[in-house]
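**Student:** Shown below is the structure under consideration.
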Amino acid sequence: MAPTIRSPFRRTLALMASAAILAHAGMNGVAYAQTAPETTAPGVAAPSAPETAAPPPPAPAASQQTAPIQGAMPNNGPASVADLAEGLLDAVVNISTSQNVKDDEGAGPAPRAPDGSPFQEFFNDFFNKQQGNKGGNHNVSSLGSGFVIDPAGYIVTNNHVIEGADDIEINFANGSKLKAKLIGTDTKTDLSVLKVEPKAPLKSVKFGDSSTMRIGDWVMAIGNPFGFGGSVTVGIISGRGRNINAGPYDNFIQTDAAINKGNSGGPLFNMKGEVIGINTAIISPSGGSIGIGFSVPSELASGVVDQLREYGETRRGWLGVRIQPVTDDIADSLGLDTAKGALVAGVIKGGPVDDGSIKAGDVILKFDGKTVSEMRDLPRVVAESTVGKEVDVVVLRDGKEQTVKVKLGRLEDSDQAAASDDSAPDGSQDDGVITPDPGENNDMDQPDSGDQAKPAPDTPDQHKGQVSPDAATPKNVLGLSLSLLSAETRKVFGIAESVDGVVVTQVTPGSASAEKGLKPGDVIVEVAQEFMKSPDAVAAKVQALKQEGRRNAQLMIASANGDLRFVAVPME
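The sequence shown begins at 25 in my numbering and counts up one residue at a time.
Given below as structure tokens:
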């Protein structure tokens, strides 16, 4: 086919017509974009359109695609927090501390240049002079944040901000500076209260109720990050009840409001200007904010601060029990539908519940009306309770829920009682309730150390004078060889006279009992909360549990020195 040839005049007319169509489409697109409703940010109300406004004429498809780019108006951001911040900045302070440190503290041996180096003489002369100057002191300074809670000059900050300081200076927003003295500190919650003597009342803020805050609520942090005082950052609550292994009462608020070094001790505000958290820690591989910061909630901090102001120390409630987690296996052995509560492994002699109101084997489900969902909830709610207060405690005992009334002691008085308690593992306590050591497995059914994790080898020299199960009552139950507790077995395994029950003489390698960390020398005190006097009693109780349809047998195990723990062993 021959090519089509058009005259120049016709081509010009076609181009002009096309240009007119495109210009018309562009005008319609701009008009439509200007009349379209704006997209507003969350929390910002969109302006209402007049009721008489006519709807925009439909635009061609091409103009609809290009209109947002060509004629869209800029969107409004979230509502400003400038007014809120302005009223709070004066109550937030910068805290600078100094500490005298000896120059030779932490100093290692002076380096030396390699023999034969051309710089050896200069290098050695320099460091010899440095060694000769040892013994002097220098000041180490640090910066942090805090906030005024009383116009009279009481200031709250983190303990780690002022710990070890010889001098504490408060820098206010107006540029004034005052020396501060330490009123009281609490290392378990990392909180401290300071006091300055102002010439005029200070601007202060008050605590709010952090328990009402929800994930997604807006919060604002003010502090002194990297020395930049009066820095304001805004974000949301990202999580609640975070446990970062910072202490026994971990219940942190997580926020994505930028928190950096120097923000420690500063306040986290809600949108009412109330302090609902005290910024304490961040997770960051670089040392800067990556949007994961943690604050001590005001529901915990306010009570601690009040006690520090009044007494200069904390006065926490004490229950006087040793506890361990309720695992799935233990829950099944107790007939619980889910793993919940705190399992009482022992009672401190001379403690508040040594009267029998709470017993080993009880599962504490509620304390003073507060649900104990997991073991770590109990130390916190006990410590927050008033010393001497009578509280109702709901426990699971013998498969039934019971309510008992107990009168709390004081945690600070617990050291002496714990030290004299034969049932306490090491004489230590953990804030109202003695809990497993930090190095232990959270599931105390698991062995405490790698040595226990290994099945006990069936060799005659494992224990000097290894004994076999009692000839009259030889029993092999759950992979355990059991024997009556006699003078001979006490001597062989070093079992204290105060320990009663049935002794484990051998453990079958690879058995469920071996996997749970049982070893020769352990003593079975109870099975399913029933005291065991003989190997026959253990066998009979295990058989009865199987007939009841139980999958696990709950054993109370005593070590040679009387330490108690509960172990749920699967019944094969």
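Heads up, the beta-carbon is just placed ideally off N, CA and C, and yes, glycines get one too.
Where do the N-terminal and C-terminal ends of the alpha helix (DSSP H) with S357 fall, by residue?
**Tutor:** That run of the alpha helix (DSSP H) goes 352-358.
**Student:** Give me the DSSP bridge partner(s) of P321.
**Tutor:** DSSP, once it has assigned bridges, lists G301 as partnering P321.
**Student:** Could you work out which residue in N287, G341, G271 is closest to F250 when comparing CA atoms only?
**Tutor:** Selected option, being the one with the closest Cα: N287.
**Student:** Compute the distance between the beta-carbons of R266 and F318, then report whether it is under 9 angstroms.
**Tutor:** It is a contact, given that the beta carbons lie within the stated cut-off.
**Student:** Sort N124, S228, N198, S122 by Cα distance to F171 and report the nearest one.
**Tutor:** Of the listed residues, the one whose Cα sits closest to F171 is S228.
**Student:** How would you label Q348, buried or exposed, when you count the other beta carbons within 10 angstroms and need 16 or more for buried?
**Tutor:** Q348 is buried by the Cβ-count criterion.
**Student:** For G433 and V411, which I take to be in contact (beta-carbon distance under 8 angstroms), what is that distance rounded to the nearest angstrom?
**Tutor:** Confirmed, about 7 angstroms.
**Student:** Please state if the CB of I300 and the CB of S234 are separated by a distance shorter than 9 angstroms.
**Tutor:** Yes. Within cutoff.
**Student:** Secondary structure at L112, three-state DSSP: helix, strand or coil?
**Tutor:** Coil at L112, not helix or strand.
**Student:** Would L402 and G375 be called neighbours here (beta carbons separated by less than 9 angstroms)?
**Tutor:** Not in contact: L402 and G375 (Cβ atoms no closer than 9 angstroms).
**Student:** Can you check the segment 541-584 for any beta strand (DSSP E) of at least 3 residues that lies completely inside it and give the ranges in chain order?
**Tutor:** The segment 541-584 contains these whole beta strand (DSSP E) runs: 547-551, 576-582.
**Student:** CB-CB under 7 angstroms to H184, same chain, minus the five flanking residues each way: which ones, in chain order?
**Tutor:** Closer than 7 angstroms at Cβ, skipping near neighbours: D214, S288.
**Student:** At which residues does the alpha helix (DSSP H) containing F517 begin and terminate?
**Tutor:** From DSSP, the alpha helix (DSSP H) with F517 extends over 511-517.
**Student:** Please report whether the beta-carbon of L292 lies at a distance below 9 angstroms from any beta-carbon of chain D.
**Tutor:** The structure shown contains no chain D; it is built from a single protein chain.
**Student:** Just reading off the beta strand (DSSP E) that E221 is part of, what are its end residues?
**Tutor:** No beta strand (DSSP E) holds E221; DSSP gives it neither H nor E.
**Student:** May I ask which residues mark the beginning and end of the beta strand (DSSP E) holding A366?
**Tutor:** Element bounds for A366: 366-371.
**Student:** Name the one or two DSSP bridge partners that S255 has.
**Tutor:** In the DSSP output, where bridge partners are listed per residue, S255 has G247.
**Student:** Could you check what DSSP says for Y178 in three-state terms: helix, strand or coil?
**Tutor:** Strand, per DSSP.
**Student:** Please report the Cβ distance between A282 and S310, rounded to the nearest whole angstrom; I am assuming they are in contact, meaning their Cβ atoms lie under 8 angstroms.
**Tutor:** Not a contact, Cβ separation roughly 13 angstroms.
**Student:** Using 10 angstroms around the beta-carbon of P225, count the other beta-carbons present and answer buried if the total reaches 16, otherwise exposed.
**Tutor:** P225 comes out exposed.
**Student:** Which residues in the same chain have their Cβ closer than 8 angstroms to the Cβ of L509, if we skip the five residues on either side of it in sequence?
**Tutor:** For L509, where only same-chain residues beyond five positions count, the Cβ hits under 8 angstroms are I519, V523, D524, G525, V526, V527, V547.
**Student:** Buried or exposed, going by whether 16 or more other CB atoms sit within 10 Å of the CB of N198?
**Tutor:** Exposed, because fewer than 16 other Cβ atoms sit within 10 Å of the Cβ of N198.
**Student:** I'd like to check one pair, D392 with V377: are the Cβ atoms closer than 9 angstroms?
**Tutor:** Not in contact: V377 and D392 (Cβ atoms no closer than 9 angstroms).
**Student:** Give me the DSSP bridge partner(s) of L167.
**Tutor:** BP columns for L167 point to S120.
**Student:** Mind checking which residues open and close the beta strand (DSSP E) that includes S507?
**Tutor:** Start and end: 504-508.
**Student:** Less than 9 angstroms between the C-beta atoms of V217 and I179, yes or no?
**Tutor:** Yes, the Cβ-Cβ distance between V217 and I179 is below 9 angstroms.
**Student:** Which class does A480 belong to by DSSP, given the choice of helix, strand or coil?
**Tutor:** Because the pLDDT of A480 is 39, which lies under 50, any placement of that residue in the model is unreliable, and the question is left without a value.
**Student:** Please state the DSSP three-state secondary structure of M595.
**Tutor:** Three-state DSSP puts M595 in coil, outside helix and strand.
**Student:** Any contact between the segment 237-246 and the segment 291-299? By contact I mean 3 or more CB pairs, one from each, below 8 angstroms.
**Tutor:** In short, these stretches touch, since the Cβ pair count reaches three.
**Student:** Who are the Cβ neighbours of L202 in its own chain at under 6 angstroms, not counting the five residues just before and after it?
**Tutor:** Cβ within range, chain order: I194, V220.
**Student:** Does DSSP put N183 in a helix, a strand or coil?
**Tutor:** The answer is helix: DSSP assigns N183 an H, G or I state.
**Student:** Quick check: the Cα distance between A103 and V258, rounded to an integer number of angstroms?
**Tutor:** When rounded, the distance between both Cα atoms is 12 angstroms.
**Student:** Over what stretch of residues does the beta strand (DSSP E) that includes E414 continue unbroken?
**Tutor:** Taken as a continuous stretch (DSSP letters only), the beta strand (DSSP E) holding E414 covers 414-421.
**Student:** In whole angstroms, what is the alpha-carbon distance linking G534 and L502?
**Tutor:** Roughly 11 angstroms between the two C-alpha positions.
**Student:** Let's see if you can read the secondary structure: which residues bound the beta strand (DSSP E) around E193?
**Tutor:** Where E193 is concerned, the enclosing beta strand (DSSP E) stretches over 191-195.
**Student:** Could you check what DSSP says for G327 in three-state terms: helix, strand or coil?
**Tutor:** G327: helix per DSSP, three-state reduction.
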